[in-house]
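This report concerns only the one structure given below.
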Amino acid sequence: MKYKLLMSVLVIVAIACGESKEEKEIAALKEKVTSLQSQNTSLRNGDQKLKATLEDYNKFFTEIEKNLAGIDQNKTMVAQLSADMKDKKDVKERIKLRISTIKELVENTRLRILALDRTIAQLRKESGEKSDEIMQMDKQIKGLTKDLIAKDAEIEEMDNSIADLETLYQLEIEKTEELRSILNRAYYIVGTKKELLEKGVITKEGGFIGIGKVKVLNANAPTALFTKIEKDKTSEMMLNAKKAKMITNHADGSFSIAGENGKADKLMISDADEFWKNGNYVVIEVEK
-12 MKYKLLMSVL
-2 VIVAIACGES
8 KEEKEIAALK
18 EKVTSLQSQN
28 TSLRNGDQKL
38 KATLEDYNKF
48 FTEIEKNLAG
58 IDQNKTMVAQ
68 LSADMKDKKD
78 VKERIKLRIS
88 TIKELVENTR
98 LRILALDRTI
108 AQLRKESGEK
118 SDEIMQMDKQ
128 IKGLTKDLIA
138 KDAEIEEMDN
148 SIADLETLYQ
158 LEIEKTEELR
168 SILNRAYYIV
178 GTKKELLEKG
188 VITKEGGFIG
198 IGKVKVLNAN
208 APTALFTKIE
218 KDKTSEMMLN
228 AKKAKMITNH
238 ADGSFSIAGE
248 NGKADKLMIS
258 DADEFWKNGN
268 YVVIEVEK
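If you're matching positions, the sequence shown starts at -12 in my numbering and goes up one per residue.
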């Protein structure tokens, strides 16, 4: 009799502990969602001002990487919970909260990427000696954006596979397009050697005795000097010059300079992926 009573007590305790663990998980998820929603509201309202320093960039990149890792962890939990779901209210609630967490993490990451992108211009003005770092950060932003878009697609597929739950998460088309526009955005400028130097678009660096210094793109040059273009809609750039040569680095065979009677009438992009692989800026020096 005592043995049966003891076993009954142990079963009750075990059930109570299990319920307590689930309740704690639900409470923690709700707290996480609320915290992310608060952060996202602040980011949208511009309450969190970013300082134009390399240290702040590194901090934001770290937070974005944590967000991306958190998205993967929550996706794994949703898959596990979905496999065990048998009309249990608490399991469904946990799935919904996991998806809500994913949604807020994606939104938080999107807002942080856009915030970093907006401050690039400020960094260009204030960090003249950090040209290489700024260009590297620009590449990092593009990489993070690609990761987020990829995860967005994975999450949508996961969401659609949960037949018992209505679609709880979707990034609006305009938000996805906003991220894609960052990847698709590029700039170009055409000018004589004198014009490019005077505008500060290029600088002279390096060189050896008897050999002229090498012209390189100045990462701190004002973006307003360049013509803004969309990569997927740009296959040609008009030059209207006698001669032309590329200052920025682009893969051999990805472009050509064409014109009648040996002139440089226009630049033609034949392999966009390779052409834009090394950067989003095009500087062309011409002789008129």
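Just so you know, even glycine gets a beta-carbon here, dropped at the ideal spot from N, CA and C.
### Message
Under 8 Å: do the region 92 to 106 and the region 242 to 259 share three or more Cβ pairs, one atom per stretch?
### Response
no
### Message
For the region 127 to 141 against the region 172 to 189, do three or more pairs of beta-carbon atoms, one drawn from each stretch, fall closer than 8 Å, so that the two count as touching?
### Response
no
### Query
Excluding sequence positions up to five away, which residues of its chain have a Cβ less than 7 Å from the Cβ of Thr235?
Within the sequence shown, numbered from 1, the residue matching residue 235 stands at position 248. For Thr235, where only same-chain residues beyond five positions count, the Cβ hits under 7 Å are Leu204, Gly266, Tyr268, Val269, Val270.
### Message
In the DSSP assignment, the alpha helix (DSSP H) including Glu261 goes from what residue to what residue?
### Response
By one-based count along the sequence shown, residue 261 stands at place 274. Counting along the chain, the alpha helix (DSSP H) containing Glu261 begins and ends at 259 to 262.
### Task
Could you tell me the distance, in whole angstroms, from the CA atom of Leu101 to the CA atom of Lys83?
As a first step, residue 101 is located in the sequence shown; it is residue number 114 there, counting from the start. As a first step, residue 83 is located in the sequence shown; it is residue number 96 there, counting from the start. In a straight line, the C-alpha of Leu101 is about 27 Å away from that of Lys83.
### Task
Answer yes if the region 120 to 131 comes into contact with the region 58 to 65, meaning at least three C-beta pairs across the two stretches below 8 Å, and no otherwise.
no
#### Entry: For Ala228 and Ile51, the rounded distance between their alpha carbons
Within the sequence shown, numbered from 1, the residue matching residue 51 stands at position 64. Within the sequence shown, numbered from 1, the residue matching residue 228 stands at position 241. Roughly 45 Å separates the two Cα atoms.
### Chain-order list of residues whose beta-carbon lies under 6 Å from that of Arg172 (same chain, five-residue window excluded)
Here residue 172 refers to the residue found at position 185 of the sequence shown. Correct list: empty, nothing qualifies.
### Query
So what's Asn61 in DSSP terms, helix, strand or just coil?
Working through the sequence shown from its first residue, we reach residue 61 at position 74. The answer is helix: DSSP assigns Asn61 an H, G or I state.
#### Entry: Residue from Met233, Glu94, Met124, Ile189 whose Cα sits closest to the Cα of Phe48
Reading the sequence shown from its first residue, position 61 is the one you call residue 48. Checked all of Met233, Glu94, Met124, Ile189; the closest Cα to Phe48 is Met124.
### Message
At the level of alpha carbons, what is the spacing between Ile58 and Lys126?
### Response
Looking up residue 58 in the sequence shown gives position 71. Looking up residue 126 in the sequence shown gives position 139. Rounded to whole angstroms, Ile58 to Lys126 spans 22 Å at the Cα level.
### Query
Can you tell me the Cα-Cα spacing of Thr190 and Leu166, whole angstroms?
Against the sequence shown, residue 190 aligns to sequence position 203. Against the sequence shown, residue 166 aligns to sequence position 179. In a straight line, the C-alpha of Thr190 is about 32 Å away from that of Leu166.
### Task
Could you spell out where the alpha helix (DSSP H) holding Glu185 opens and where it closes?
To locate residue 185, count along the sequence shown from 1; it is residue 198. Segment 180 to 185, the alpha helix (DSSP H) holding Glu185.
### Distance CB(Lys92)-CB(Asn45) smaller than 8 Å
In the sequence shown, counting from the first residue as 1, residue 92 sits at position 105. In the sequence shown, counting from the first residue as 1, residue 45 sits at position 58. Going by the sequence as given, residue 92 is Leu instead of Lys. The answer is no: Cβ separation not under 8 Å.
#### Entry: Reference Asn95; option with closest CA among Ile121, Glu261, Leu135, Lys250
In the sequence shown, counting from the first residue as 1, residue 95 sits at position 108. The option with the nearest alpha carbon to Asn95 is Leu135.
### Message
Could you give the first and the last residue of the continuous beta strand (DSSP E) run that contains Ile271?
### Response
To locate residue 271, count along the sequence shown from 1; it is residue 284. Looking at the DSSP string, the run of the beta strand (DSSP E) that includes Ile271 is 268 to 274.
### Query
Taking buried to mean at least 16 other C-beta atoms within 10 Å of its own C-beta, is Thr214 buried or exposed?
Indexing the sequence shown from 1 puts residue 214 at position 227. Exposed.
### Task
To the nearest angstrom, report how far apart Glu153 and Lys186 are at their CA atoms.
For the purposes of this step, residue 153 is taken as residue 166 along the sequence shown, with counting starting at 1. For the purposes of this step, residue 186 is taken as residue 199 along the sequence shown, with counting starting at 1. Reliability of the predicted coordinates at Glu153 is poor, the pLDDT of 45 falling under 50, and the value obtained from them is presented with this limitation in mind. Roughly 56 Å separates the two Cα atoms.
### Task
May I have the straight-line CA-CA distance separating Glu18 from Ile121, to the nearest angstrom?
On the sequence shown, position 31 is the one that residue 18 refers to. On the sequence shown, position 134 is the one that residue 121 refers to. Computed Cα separation, rounded: 36 Å.
### Message
Considering only the alpha carbon of each residue, which of Val188, Ile89, Phe262 lies closest to Glu223?
### Response
Taking the first residue of the sequence shown as position 1, residue 223 is located at position 236. Measuring from the Cα of Glu223, the nearest candidate turns out to be Phe262.
### Endpoints, beta strand (DSSP E) assigned at Lys291
Given that the chain is displayed from residue -12 to residue 275, the structure contains no residue 291 and the question cannot be resolved.
### Query
Beta-carbon separation of Ala251 and Leu226 under 8 Å?
Here residue 251 refers to the residue found at position 264 of the sequence shown. Here residue 226 refers to the residue found at position 239 of the sequence shown. Yes, Cβ-Cβ distance for Ala251 and Leu226 is below 8 Å.
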